[in-house]
Amino acid sequence: MISIKNLVKRFGPFTAVDDISFDVEKGEVLGFLGPNGAGKSTTMKMVTGYLSATSGTISVCGFDVEEAPLEARRAIGYLPEGAPAYPDMTPMEFLSFIASVRGLSGDEAMKAIDKAADRTDLRNVMHQPIETLSKGFKRRVGLSQAILHDPPVLIMDEPTDGLDPNQKHAVRGLIADMAKEKAIVISTHILEEVEAVCTRAMIIDQGKIVADGTPAELTAKSKHHNAVTIALPESLGEAPTDTLKKIDGVSEVRVDKGANGENRFTIFPKDGAVLIEKVSGQATAAGWDVKALYAEEGRLDEVFRTLTTSDAEIAGRAS
Amino acid sequence: MSELLAIFRRELTGYFATPLAYVFIVIFLFATMSFTFYLGGFYEARSANLSAFFNFHPWLYLFLIPAIAMRLWAEERKSGTIELLLTLPVPLWAAVLGKFFAAWIFAGIALALTFPIWLTVNYLGDPDNGVILASYVGSFLMAGGFLAIGSCVSAMTQNQVIAFVVTVVICFLFTVSGLPQVLDFFKGWAPQALVSTIASFSFLTRFEAIKSGVIDFRDLVYFGSLIWVWLTANAVLIDMRKAA
Ligand SMILES: Nc1ncnc2c1ncn2[C@@H]1O[C@H](COP(=O)(O)OP(=O)(O)O)[C@@H](O)[C@H]1O
Ligand SMILES: [Mg+2]
């Protein structure tokens, strides 16, 4: 439903989006991940037609955003970064305005407003000026505006930014509910969010796509993928390290000394090998008093950090 | 067209959602009345007409119209709602016109609320109501001209104060270019054609002509094209931002 080809955006000499191509299909929830300044918002602004691309093409539901901007925009619901809304209007007035601009009127408009307000839990504040609402409510006003016309394509820039954990959970639930019949793109820098709602994650760094896959595939790139941690009594000292290293398929063993009279040994596999049974067998054979034993899927934050450049690194390179 | 109407309605109700609208209308009415009665010598003139009243309109508009226009785009840029507006399925011209017409109608409402003064002259004497109507139309057209300038300037900045000041300056130039003092300054050395071009660009010259009771087609064309030019520039400026 969204098709992006060789998209480039330059601001003067600075390249914010550097030759990005991808497609998003119906049923997909694509999470844009990346450090601040990676180009996530800029990409979304080009898809929604707020900025024009320096080069490359974008089509939404078959409509080129430059050639047929109005048709493309009709197919899109967009939550801009920071969820801007007219502060002196109430959510009711604001949603009515959006409805009329989107060509809904009368009963049809009322139904759409009711539904959007219900889905975003706005019922109790419908007649209170937006400027007096809390950040969480403002964000939800923005969300309900985006889903009002039940668009086939939803673009949301940091939809859960500034929400408390309950509200975050509710918004993720909303996204999951809508996922089946829409193509959804969200940007976030909250990694757990990607694992919670996205069917696909794309890590962007300095305007380039550095990883693209299901959350599980990305997590599997982590060093911790299939790593096994075993907690043993402190009295055993570091001696188990050598025993564990001898297990077939182990690349490295790390010891974290000490909490509650335990030492934790983390055993990293070679090439993602599955080790947990071997480790458990070894522990039984050696007669260790095992306090805890578990394997990990991997850590998305680790993948994120290895693939992206931190502000400090960029600053360091510039100086 | 329905998008234009939606934006028009939002903008117009937006004026009345804040105290600003009422403050503006009160100031406008108070200023027109006091100027007319105290400075304009309405009673002393002892003639039943409203020329004293209309004489002050260009000078009042010079400050009051930029105050209406300054928020048109600057506020949306500042608050970020412009991103929302420009990603809705609305043609740019509809957004520009919707905002402009809302501001113009608002100014029109303020102008219409001066009707007690019209009732007063009719009560006191026997004025030429055709001339008064033409003057009202002229005043409204002039307000549109000022507003189009203000709307365009407002699109260039997110700072309403800057928008206000720059609009006042431009409107001032468009107004004084018809004053005898200014034209005399040019008459000394500039070719006649230039002098009359300068004069013809003036709101004052046009408004004076209309105030005499005849709405010349050329005056309509003047205000129409002035508004068109500034609003086109307005749309171009907004569109240029996309390529930033
Ligand atoms: N209008 C603009 N003019 C100049 N630079 C910009 C503009 N908008 C964004 N940038 C720059 O482009 C880069 C990408 O920004 P953005 O897309 O907002 O990042 P993200 O949303 O991933 O945090 C940043 O370095 C930002 O400073
Ligand atoms: Mg961003």
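First to last, the protein sequences are chains Z and G. Quick note, the numbering used here runs 11 ahead of the 1-based positions in the first sequence. So that you can map any letter, position 62 of the second sequence is 52 in the numbering used here, and since no number is skipped, the others follow by simple counting. All C-beta atoms, glycine included, are put in the ideal place defined by N, C-alpha and C. Everything numeric in this text was worked out from a predicted model, so none of it was measured.
| query | Does any heavy atom of ligand 1 sit closer than 7 Å to the C-beta of G70 (chain G)? | reply | Locating residue 70 (chain G) in the second sequence gives position 80, where the first residue counts as 1. Proximity of the beta carbon of G70 (chain G) to ligand 1 is not indicated: no heavy atom of the ligand is located closer than 7 Å.
| task | Any chance you could list the alpha helix (DSSP H) runs of at least 4 consecutive residues sitting entirely within the stretch 89 to 130 of chain G, in chain order? | result | Counting only runs of at least 4 residues, the stretch 89 to 130 of chain G fully encloses the following alpha helix (DSSP H) elements, listed from N- to C-terminal order: 105 to 114.
| query | Within 8 Å (strictly less), CB to CB, does R0 (chain G) reach chain Z? | reply | For this step, residue 0 (chain G) is matched to residue 10 along the second sequence. Judged by the 8 Å Cβ criterion, R0 (chain G) is in contact with chain Z.
| task | Look at the alpha carbon of V239 (chain Z) and the alpha carbon of L304 (chain Z), and state the distance between them as a whole number of angstroms. | result | Start at 1 with the first residue of the first sequence, and residue 239 (chain Z) comes out as number 228. Start at 1 with the first residue of the first sequence, and residue 304 (chain Z) comes out as number 293. In a straight line, the C-alpha of V239 (chain Z) is about 7 Å away from that of L304 (chain Z).
| message | As a quick exercise: from Z:S145, Z:C209 and Z:T101, pick the residue whose alpha carbon is nearest that of I124 (chain Z). | response | Start at 1 with the first residue of the first sequence, and residue 124 (chain Z) comes out as number 113. Looking at the Cα atoms, Z:T101 is the closest of the given residues.
| request: Using a threshold of 8 Å, state whether the C-beta atoms of L52 (chain G) and T165 (chain G) are closer than that. | output: Counting from 1 along the second sequence, the entry for residue 52 (chain G) is found at position 62. Counting from 1 along the second sequence, the entry for residue 165 (chain G) is found at position 175. Yes, the pair counts as a contact, with Cβ atoms nearer than the cut-off.
| task | Give a yes or no on whether the minimum CB-CB distance between P79 (chain G) and chain Z is below 8 Å. | result | Along the second sequence, read from residue 1 onward, the residue named residue 79 (chain G) stands at position 89. For P79 (chain G), the closest Cβ of chain Z is nearer than 8 Å.
| query | Buried or exposed: which applies to V261 (chain Z), given that a residue is buried once 16 or more other Cβ atoms fall within 10 Å of its Cβ? | reply | Counting from 1 along the first sequence, the entry for residue 261 (chain Z) is found at position 250. Flag for V261 (chain Z) reads buried.
| message | Distance check for L74 (chain G) and P176 (chain Z), CA to CA, integer angstroms please. | response | By one-based count along the first sequence, residue 176 (chain Z) stands at place 165. By one-based count along the second sequence, residue 74 (chain G) stands at place 84. Each residue's alpha carbon lies about 26 Å from the other.
| task | Could you please tell me which residues of the stretch 26 to 59 of chain Z, in chain order, have their CB closer than 7 Å to any CB of chain G? | result | Listed in sequence order: T59.
| request: Flag K238 (chain G) as yes if its beta-carbon sits less than 8 Å from any beta-carbon of chain Z, otherwise no. | output: Here chain G covers residues -9 to 234 and nothing more, so residue 238 (chain G) does not appear.
| query | In whole angstroms, what is the alpha-carbon distance linking G50 (chain Z) and M57 (chain Z)? | reply | The residue you call residue 50 (chain Z) lines up with position 39 of the first sequence. The residue you call residue 57 (chain Z) lines up with position 46 of the first sequence. If I take the Cα positions, the gap works out to 11 Å.
| query | Using the beta-carbon count (16 or more within 10 Å), is H180 (chain Z) buried or exposed? | reply | Position 169 of the first sequence, counted from the first residue, corresponds to residue 180 (chain Z). H180 (chain Z) is exposed by the Cβ-count criterion.
| said: Starting from A(-4) (chain G), trace the alpha helix (DSSP H) in both directions and tell me its first and last residue. | reply: The residue given as residue -4 (chain G) occupies position 6 in the second sequence. S(-8) to A7 is the span of the alpha helix (DSSP H), which, as asked, contains A(-4) (chain G).
| So, are the CB atoms of I278 (chain Z) and V40 (chain Z) less than 8 Å apart? | In the first sequence, the residue the question calls residue 278 (chain Z) occupies position 267. In the first sequence, the residue the question calls residue 40 (chain Z) occupies position 29. Contact: no.
| said: Within the continuous beta strand (DSSP E) that includes S14 (chain Z), where are the two ends? | reply: Position 3 of the first sequence, counting from 1, holds the residue named residue 14 (chain Z). Counting along the chain, the beta strand (DSSP E) containing S14 (chain Z) begins and ends at I13 to F22.
| request: For chain Z, find out if any of its Cβ atoms is closer than 8 Å to the Cβ of T71 (chain G); answer yes or no. | output: Mapped onto the second sequence, residue 71 (chain G) falls at position 81. Output row for T71 (chain G): interface = yes.
| query | What whole-angstrom Cβ distance do G168 (chain G) and L210 (chain G) have, given they're in contact under 8 Å? | reply | On the second sequence, position 178 is the one that residue 168 (chain G) refers to. On the second sequence, position 220 is the one that residue 210 (chain G) refers to. Wrong, their Cβ atoms sit about 17 Å apart, outside the cutoff.
| message | Looking at D216 (chain Z): is its Cβ nearer than 8 Å to the Cβ of P46 (chain Z)? | response | For the purposes of this step, residue 216 (chain Z) is taken as residue 205 along the first sequence, with counting starting at 1. For the purposes of this step, residue 46 (chain Z) is taken as residue 35 along the first sequence, with counting starting at 1. Yes, they are a contact pair.
| beta-carbon K56 (chain Z) near ligand 2 non-hydrogen atom, thresh 7 Å | What you label residue 56 (chain Z) is simply residue 45 of the first sequence in a count that begins at 1. Checking every heavy atom of ligand 2 against the Cβ of K56 (chain Z), none is found closer than 7 Å.
| task | State yes or no: is the C-beta of K51 (chain Z) nearer than 7 Å to some heavy atom of ligand 2? | result | The residue given as residue 51 (chain Z) occupies position 40 in the first sequence. Within the cutoff, so yes.
| task | Taking only the alpha-carbon atoms, compute the straight-line gap between Q178 (chain Z) and G147 (chain Z) and give it to the nearest angstrom. | result | Here residue 178 (chain Z) refers to the residue found at position 167 when the first sequence is read from its first residue. Here residue 147 (chain Z) refers to the residue found at position 136 when the first sequence is read from its first residue. Their Cα atoms are separated by approximately 7 Å.
| Closer than 9 Å at the beta carbon, the chain Z residues around T147 (chain G) | Sequence index remark: in the second sequence, residue 147 (chain G) carries index 157 (1-based). Contact annotation for T147 (chain G) against chain Z: no contact, minimum CB-CB distance about 18 Å [criterion: below 9 Å].
| request: Check whether the Cβ of S(-8) (chain G) lies closer than 8 Å to any Cβ atom in chain Z. | output: Numbered from 1 along the second sequence, position 2 holds the residue referred to as residue -8 (chain G). S(-8) (chain G) counts as touching chain Z.
| Cα-Cα separation between S192 (chain G) and I197 (chain Z), rounded to whole angstroms | Along the second sequence, read from residue 1 onward, the residue named residue 192 (chain G) stands at position 202. Along the first sequence, read from residue 1 onward, the residue named residue 197 (chain Z) stands at position 186. Each residue's Cα considered, the two are about 53 Å apart.
| said: Suppose only complete runs of 3+ residues qualify. What are the beta strand (DSSP E) ranges in the stretch 216 to 250 of chain Z, listed by chain order? | reply: 219 to 224 and 239 to 244
| When you compare only the Cα positions, how much space is there between L185 (chain Z) and T131 (chain Z)? | Position 174 of the first sequence holds residue 185 (chain Z). Position 120 of the first sequence holds residue 131 (chain Z). Cα to Cα, L185 (chain Z) sits roughly 8 Å from T131 (chain Z).
| task | For the alpha helix (DSSP H) containing S262 (chain Z), list its first residue and its last residue. | result | As a first step, residue 262 (chain Z) is located in the first sequence; it is residue number 251 there, counting from the start. No alpha helix (DSSP H) contains S262 (chain Z), which is instead part of the beta strand (DSSP E) from V261 to K268.
| Is there at least one non-hydrogen atom of ligand 2 closer than 7 Å to the beta-carbon of D346 (chain Z)? | Here chain Z comprises residues numbered 12 to 330, so residue 346 (chain Z) is not present and cannot be evaluated.
| task | Pair every Cβ in the stretch 64 to 81 of chain Z with every Cβ in the stretch 57 to 69 of chain G, then say whether three or more of these pairs are closer than 8 Å. | result | No, the stretch 64 to 81 of chain Z is not in contact with the stretch 57 to 69 of chain G.
| said: Rounded to the nearest angstrom, what separates V121 (chain G) and S190 (chain G) at their Cα positions? | reply: Indexing the second sequence from 1 puts residue 121 (chain G) at position 131. Indexing the second sequence from 1 puts residue 190 (chain G) at position 200. The alpha-carbon atoms of V121 (chain G) and S190 (chain G) are separated by roughly 21 Å.
| said: Distance cutoff 8 Å, beta carbons only. Does L81 (chain Z) sit that close to anything in chain G? | reply: Here residue 81 (chain Z) refers to the residue found at position 70 when the first sequence is read from its first residue. With 8 Å as the cut-off, L81 (chain Z) counts as an interface residue toward chain G.
| task | Quick one: residues in its chain with C-beta nearer than 7 Å to the C-beta of A199 (chain G), no 5 flanking neighbours on either side, listed in chain order? | result | In the second sequence, residue 199 (chain G) corresponds to position 209, counting from 1. Counting only Cβ-Cβ distances below 7 Å, and skipping sequence neighbours, we find D206 and D209.
| request: Under the assumption that C161 (chain G) contacts I188 (chain G) (Cβ atoms under 8 Å), give the Cβ distance between them as a whole number of angstroms. | output: In the second sequence, the residue the question calls residue 161 (chain G) occupies position 171. In the second sequence, the residue the question calls residue 188 (chain G) occupies position 198. Actually they are not in contact, since the Cβ atoms of C161 (chain G) and I188 (chain G) sit about 15 Å apart, beyond 8 Å.
| Of the residues G:I107, G:S125 and G:T77, the one placed nearest A79 (chain Z), counting alpha carbons only | To locate residue 79 (chain Z), count along the first sequence from 1; it is residue 68. Considering only alpha carbons, the answer is G:T77.
| task | Kindly list the residues whose CB is nearer than 7 Å to the CB of T157 (chain G), restricted to its own chain and excluding five residues on each side of it in sequence; keep chain order. | result | If you number the second sequence from 1, residue 157 (chain G) lands on position 167. The answer, listed in chain order, is P56, A59, M60, I139, G140 and V143.
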